[in-house]
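>
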Amino acid sequence: MYDYNNNGMNRQDTQYTQFQGNYPTEPQPPKKPNTHKTGKVVALIAAVAVLCGGMGFGGAFAANKAMEMISGGTTTSATSNASESTEDNSSLSSDAQEVIDSIQAGVSSHTVSGNVEYNSDGTYAYTRDLVKAVKDSIVYIEVYVTYRGQETLYGAGSGIVISQDGYIITNAHVAENDSYPVSKLEVNVNTTDPETGDVVSNKYVAELLGSDTDTDLAVLKIDATGLTAAKLGNSDELSLGDDVVVIGNPLGLETSVSKGVVSGLDRQVYDDNSISAIQTDTAINSGNSGGGMFNMYGEVVGVVNMKLINDNAENLGFAITINDAKAVISDLITKGYVSGRPILGITCIQVSDYLGAIQGMTPGLLVTDIDQTLAIADSELVVGDTITAINGTEVRSVDEVSEVIKDMKPGDTVTVTVVRTDSRGRDKTVKFDIVLSEYSGK
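Everything in the sequence shown is counted per the working numbering, starting at 34 for the first residue and increasing by one.
1. Nearest-angstrom Cα distance between Leu186 and Asp455?
2. Can you find the residues in the same chain that come closer than 6 Å, C-beta to C-beta, to Thr380, ignoring five residues on each side of it along the sequence?
3. May I ask you to verify whether the segment 314-333 touches the segment 370-388, counting CB pairs closer than 8 Å and requiring at least 3?
4. Looking at Val172: is its Cβ nearer than 8 Å to the Cβ of Ser153?
5. Measure the Cβ-Cβ separation of Asp466 and Thr446 and say whether it is below 8 Å.
6. Taking all protein chains shown into account, decide if Val428 is buried (16 or more other Cβ within 10 angstroms of its Cβ) or exposed.
7. By how many angstroms is the C-alpha of Asp411 removed from the C-alpha of Val222?
8. Within the 8 Å Cβ cut-off, does Asn152 reach chain B?
9. Hey, out of Glu219, Gly369 and Ser385, whose CA is closest to Glu433's CA?
10. Comparing alpha-carbon positions, which option in Leu163, Asp460 and Thr354 lies nearest Asn204?
11. Sort Thr313, Gly331 and Ala360 by Cα distance to Asn338 and report the nearest one.
12. At the level of alpha carbons, what is the spacing between Gly335 and Thr261?
13. Measuring alpha carbon to alpha carbon, tell me which residue in Ser268, Lys442, Gly425 and Ile420 is nearest Lys359.
14. Can we count Gly285 as close to the ligand HEM, meaning its CB is less than 7 Å from some heavy atom?
15. Among Glu413, Gln383, Val295 and Arg181, which has the Cα closest to the Cα of Leu399?
16. Beta-carbon within less than 7 Å of Asp299's beta-carbon, same chain only, minus the 5 sequence neighbours each way: which residues are those?
17. Can the beta-carbon of Ser291 be found less than 8 Å from the beta-carbon of Val279?
18. Measuring straight from C-alpha to C-alpha, what distance separates Glu150 and Ala189?
19. Identify whether Val167 lies in helix, strand or coil by the three-state DSSP scheme.
20. In or out: Ile212 buried (at least 16 other Cβ within 10 Å) or exposed?
21. For Arg161, does the three-state DSSP call read helix, strand or coil?
22. DSSP state of Asn223, grouped into three classes?
23. Anyone know if the C-beta pair for Gly397 and Thr426 falls short of 8 Å?
24. Please identify the residue among Arg453, Tyr157 and Val361 whose C-alpha is closest to the C-alpha of Ala251.
25. From the DSSP output, in three-state form, read off Ala422 for me.
26. Would you please state the rounded distance, in angstroms, between the beta carbons of Tyr157 and Gly331? I believe it to be under 8 Å.
27. For Pro396, which of helix, strand or coil comes out of DSSP?
28. Once DSSP output is grouped into helix, strand and coil, what is the label at Leu284?
29. So the beta strand (DSSP E) Val202 belongs to, where does it begin and stop?
30. Going by the beta-carbon positions, is the gap between Val463 and Ala408 smaller than 8 Å?
31. Spell out the partners DSSP gives Met326 in its beta bridges.
32. Rounded to the nearest angstrom, what separates Gln197 and His206 at their Cα positions?
33. Considering Cα atoms alone, identify which of Asn356, Leu341 and Asn345 is closest to Val333.
34. Could you spell out where the alpha helix (DSSP H) holding Val294 opens and where it closes?
35. Give the range of the alpha helix (DSSP H) segment to which Glu209 is assigned.
36. Please report the straight-line C-alpha distance between Ala452 and Val437, rounded to a whole angstrom.
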């Protein structure tokens with residue numbers, strides 16, 4: 034995702050980031066590729082251009098002299114027709130003759146067949162054919178927030194169409210915002226006419242069906258039909274060195290393509306290790322978040338979500354494996370949350386050892402509210418208790434509670450240690466059991 038209101042930068046809680054990058058206000062036009070065929074010729078001409086560039090006739094003269102040095106004779110005038118060159122070039126080296134013939138022949142053209150070519154293993158022979166087949170399954174998402182009472186464009190990211198009737202997956206950090214309430218998600222969908230190649234763009238306001246910050250995945254729904262749905266592949270079949278293609282909208286540049294290889298597998302880049310990630314050297318920038326990583330079969334094998342920013346590192350991008358994402362996506366569509374996750378069911382104040390010492394409070398979780406719809410309401414816990422340990426492990430924060438119960442299931446029982454203050458101000462320690470409930474995303 035790209036943050037329009039922060040010049041492409043987002044705070045970094047860790048060394049990983051989903052939104053990094055600064056860029057010029059207007060992207061620079063790409064340079065025309067060289068058509069030289071000889072390494073030595075290219076090197077010499079380039080050196081002359083750098084050395085003499087900006088010198089007017091001096092630069093042109095030096096370039097002509099360089100060609101003369103290579104060919105062993107004089108070059109024909111730039112205004113002469115190729116057919117008028119009748120000088121004897123028999124003394125030229127074969128490499129130099131090839132260069133001269135190329136110049137005289139003009140720009141060569143390529144005949145592009147309308148048929149898609151495949152390799153023997155069924156993969157696309159050319160990246161351009163893969164991109165043509167799947168690019169319309171990648172959408173551009175604009176995120177609007179309520180800021181000072183007004184709806185404001187905050188940032189943008191990418192998404193993957195997974196059904197013809199408008200289900201779209203993206204990152205949770207694209208669909209939600211910690212700083213301001215998201216007021217609208219607007220999705221731009223491209224449709225390409227297969228006959229003419231013309232592209233038609235349509236915008237839709239999306240509904241957020243569900244979002245999961247633990248896996249950084251979210252599902253949107255737009256009211257549309259006939260969309261190009263991406264095919265979800267099998268990320269377990271990836272191997273180190275496999276070619277992968279990333280399509281997204283970096284820095285707001287819609288439908289941008291980058292290509293690289295699988296640099297690593299089963300990378301654990303999340304604190305809870307709930308899902309694994311694919312490491313790649315493919316160029317990933319702010320705005321690629323939520324876009325697709327495709328294998329050479331044209332199948333989505335990953336959901337792009339972050340890159341590593343470090344002075345000592347380059348080309349370290351990551352994508353959520355699609356196999357890990359599938360179960361999350363299914364739950365978000367059907368339930369709006371990820372099922373099977375345990376929750377204690379309290380609202381609390383986190384009291385660290387330091388805060389407890391200076392404030393005269395018991396370190397732990399000071400309970401301020403108990404969810405009466407969950408199993409914890411039937412326990413001995415009361416508001417005002419301070420939970421100091423769960424199953425014998427000291428806890429001082431919500432994250433520490435999550436770490437203790439992460440491998441448990443709803444319905445499992447934990448033993449809590451509680452410090453309770455009586456009516457006379459005396460503290461006493463009690464222990465009792467609490468049944469865990471299922472987290473419903475609320």
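Where a beta carbon is used, it is the ideal one built from N, C-alpha and C, also for glycine.
Only a predicted model underlies this, so the values are computations on that prediction, with no experimental measurement involved.
Put simply:
1. For the purposes of this step, residue 186 is identified with residue 153 of the sequence shown, where counting begins at 1. For the purposes of this step, residue 455 is identified with residue 422 of the sequence shown, where counting begins at 1. Going by the C-alpha atoms only, they are around 52 Å apart.
2. The residue given as residue 380 occupies position 347 in the sequence shown. So the list reads Thr401 and Asp402, once near-sequence residues are dropped.
3. no
4. Here residue 172 corresponds to residue number 139 of the sequence shown, with the count starting at 1. Here residue 153 corresponds to residue number 120 of the sequence shown, with the count starting at 1. No, these two residues do not count as a Cβ contact at 8 Å.
5. The residue you call residue 466 lines up with position 433 of the sequence shown. The residue you call residue 446 lines up with position 413 of the sequence shown. Cβ atoms of Asp466 and Thr446: closer than 8 Å.
6. As a position in the sequence shown, residue 428 is number 395, starting the count at 1. Per the 10 Å Cβ criterion, buried.
7. In the sequence shown, counting from the first residue as 1, residue 222 sits at position 189. In the sequence shown, counting from the first residue as 1, residue 411 sits at position 378. C-alpha separation (whole angstroms): 50 Å.
8. The question asks about chain B, but that chain is absent: this structure has only one protein chain.
9. Here the question's residue 433 lines up with position 400 in the sequence shown. The option with the nearest alpha carbon to Glu433 is Ser385.
10. For the purposes of this step, residue 204 is taken as the residue at position 171 of the sequence shown. With distances taken between Cα atoms, Asn204 lies closest to Thr354.
11. As a working mapping, residue 338 is identified with position 305 in the sequence shown. The shortest Cα separation from Asn338 among Thr313, Gly331 and Ala360 belongs to Thr313.
12. One-based indexing of the sequence shown puts residue 335 at position 302. One-based indexing of the sequence shown puts residue 261 at position 228. Approximately 18 Å between the Cα atoms of the pair.
13. Position 326 of the sequence shown, counted from the first residue, corresponds to residue 359. It is Ser268.
14. Looking at this structure, you won't find the ligand HEM or any other ligand, since it has none at all.
15. Position 366 of the sequence shown, counting from 1, holds the residue named residue 399. Comparing Cα positions, the closest option is Gln383.
16. In the sequence shown, the residue the question calls residue 299 occupies position 266. Here the set comprises Ser309.
17. What you label residue 291 is simply residue 258 of the sequence shown in a count that begins at 1. What you label residue 279 is simply residue 246 of the sequence shown in a count that begins at 1. Yes.
18. Position 117 of the sequence shown holds residue 150. Position 156 of the sequence shown holds residue 189. Near 35 Å, if we compare the C-alpha coordinates of Ala189 and Glu150.
19. Residue 167 sits at position 134 when you count from the first residue of the sequence shown. If DSSP states are grouped into helix, strand and coil, Val167 belongs with the helices.
20. Against the sequence shown, residue 212 aligns to sequence position 179. Sequence check: residue 212 is Ser here, not Ile. Classification for Ser212: exposed.
21. Numbered from 1 along the sequence shown, position 128 holds the residue referred to as residue 161. DSSP, read as helix, strand or coil, puts Arg161 in helix.
22. Sequence index remark: in the sequence shown, residue 223 carries index 190 (1-based). Of the three classes helix, strand and coil, the one that applies to Asn223 here is strand, per DSSP.
23. Start at 1 with the first residue of the sequence shown, and residue 397 comes out as number 364. Start at 1 with the first residue of the sequence shown, and residue 426 comes out as number 393. The criterion of a C-beta distance shorter than 8 Å is not satisfied by Gly397 and Thr426.
24. By one-based count along the sequence shown, residue 251 stands at place 218. The candidate whose alpha carbon is nearest that of Ala251 is Val361.
25. As a working note, residue 422 is residue 389 in the sequence shown. Strand, per DSSP.
26. Here the question's residue 157 lines up with position 124 in the sequence shown. Here the question's residue 331 lines up with position 298 in the sequence shown. Right, their Cβ atoms sit about 6 Å apart.
27. Sequence index remark: in the sequence shown, residue 396 carries index 363 (1-based). In this structure, Pro396 counts as coil in the three-state DSSP scheme.
28. One-based indexing of the sequence shown puts residue 284 at position 251. Helix.
29. As a working note, residue 202 is residue 169 in the sequence shown. According to the sequence provided, residue 202 is Ile. The question's Val does not apply to it. Run containing Ile202: Tyr200 to Thr203, per the beta strand (DSSP E) assignment.
30. Residue 463 sits at position 430 when you count from the first residue of the sequence shown. Residue 408 sits at position 375 when you count from the first residue of the sequence shown. No, Cβ-Cβ distance for Val463 and Ala408 is not below 8 Å.
31. Residue numbering aside, residue 326 sits at position 293 when the sequence shown is read from its first letter. Val279 and Gly335, per the DSSP bridge assignment.
32. Walking along the sequence shown from the start, residue 197 turns up at place 164. Walking along the sequence shown from the start, residue 206 turns up at place 173. Within the model, the alpha-carbon separation for Gln197 versus His206 is close to 24 Å.
33. The residue labelled residue 333 in the question sits at position 300 within the sequence shown. If we check each option's Cα against that of Val333, Asn356 comes out closest.
34. For the purposes of this step, residue 294 is identified with residue 261 of the sequence shown, where counting begins at 1. Unbroken run through Val294 is the beta strand (DSSP E), Ser289 to Arg300; no alpha helix (DSSP H).
35. Within the sequence shown, numbered from 1, the residue matching residue 209 stands at position 176. In the DSSP assignment, Glu209 falls outside any alpha helix (DSSP H) and carries neither an H nor an E.
36. What you label residue 452 is simply residue 419 of the sequence shown in a count that begins at 1. What you label residue 437 is simply residue 404 of the sequence shown in a count that begins at 1. Note that residue 452 is Val in the sequence shown here, rather than Ala. Going by the C-alpha atoms only, they are around 19 Å apart.
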